[in-house]
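Down below is the structure, laid out as structure tokens.
Protein chains: 2
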Amino acid sequence: MTRIIVDVMLKPEILDPQGQAVKGALARLGLDGVADVRQGKQFVIDVDPAPDASTIEHLAGTLLSNPVIEDYRWRVDDDAESVGAAASTGASA
Amino acid sequence: MTRIIVDVMLKPEILDPQGQAVKGALARLGLDGVADVRQGKQFVIDVDPAPDASTIEHLAGTLLSNPVIEDYRWRVDDDAESVGAAASTGASA
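Same order as they appear, the protein sequences are chains S and U.
Numbered continuously in this note's numbering, the first sequence closes out at residue 93.
Numbered continuously in this note's numbering, the second sequence closes out at residue 186.
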């Protein structure tokens, strides 16, 4: 089983009101120095057999994102077994 | 400037109708073998100075996620300069 992770984010020039709301909330909660917050979507796809890169690109650029206003990034998660239990830097219990 | 990325995902036992809708759409678009799709949120926070880990944990577990139904993972993105232009595995133009 292959785990593909696709991150979709509004393009930098597109206004992100959700991110701005989070930015304001972080400041009110006492976090200083927040320059910018952007909020995007993340898709975690478990698939077997693994599709080739061009298929992933096609699906990420059509179904999963709107290329007019959004950028996407994707990666294959080699650490899929431990997802939900741990992460490289930090994870919730 | 430090870029902190927080991924928020519904816990595995929580129904994810958006993920299920994407799963169905992927199958209709011809991608075979999709076992599961989960859809979550991603926050990209640019902040200076960098907060300590306990502060990030606190904010991720209160403001950015609902710990009753969601898990979070966070990391510091060392590659912040190139975000939006490239990615380790793949990126949109």
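Just so it is clear, CB atoms sit at the ideal spot from N, CA and C, and this is done for glycine as well.
For clarity, every value in this text was computed on a predicted model and none was experimentally measured.
Practice problem: To the nearest angstrom, report how far apart D48/S and M1/S are at their CA atoms. | Solution: 5 Å
Practice problem: Would you mind telling me which residues of chain S sit closer than 8 Å to D39/U, beta carbon to beta carbon, in chain order? | Solution: Nothing can be reported for residue 39/U: it is not among the residues displayed for chain U, which extend from 94 to 186.
Quiz item: Which one of Q132/U, A146/U, T148/U has the shortest CA to CA distance from D100/U?
Solution: Q132/U
Quiz item: L26/S and L156/U: beta carbons closer than 8 Å?
Solution: yes
Self-check item: Contact check, L10/S vs E70/S, beta carbons under 8 Å
Solution: yes
Quiz item: Start and end of the beta strand (DSSP E) containing G133/U?
Solution: 127-140
Practice problem: Determine whether the Cβ of A118/U lies closer than 8 Å to any Cβ atom of chain S. | Solution: yes
Quiz item: Where A143/U and I97/U are concerned, what is the direct C-alpha to C-alpha distance, given to the nearest angstrom?
Solution: 9 Å
Quiz item: Taking 8 Å as the CB-CB cut-off, is Q113/U touching chain S?
Solution: no
Self-check item: Whether V130/U touches V44/S by CB criterion (8 Å)
Solution: yes
Self-check item: Three-way DSSP call (helix, strand, coil) for V99/U in this model
Solution: strand
Quiz prompt | Residues that P51/S contacts on chain U, provided the C-beta gap is smaller than 8 Å | solution = L124
Practice problem: Grab the span of the alpha helix (DSSP H) containing V115/U for me, first residue to last. | Solution: 110-121
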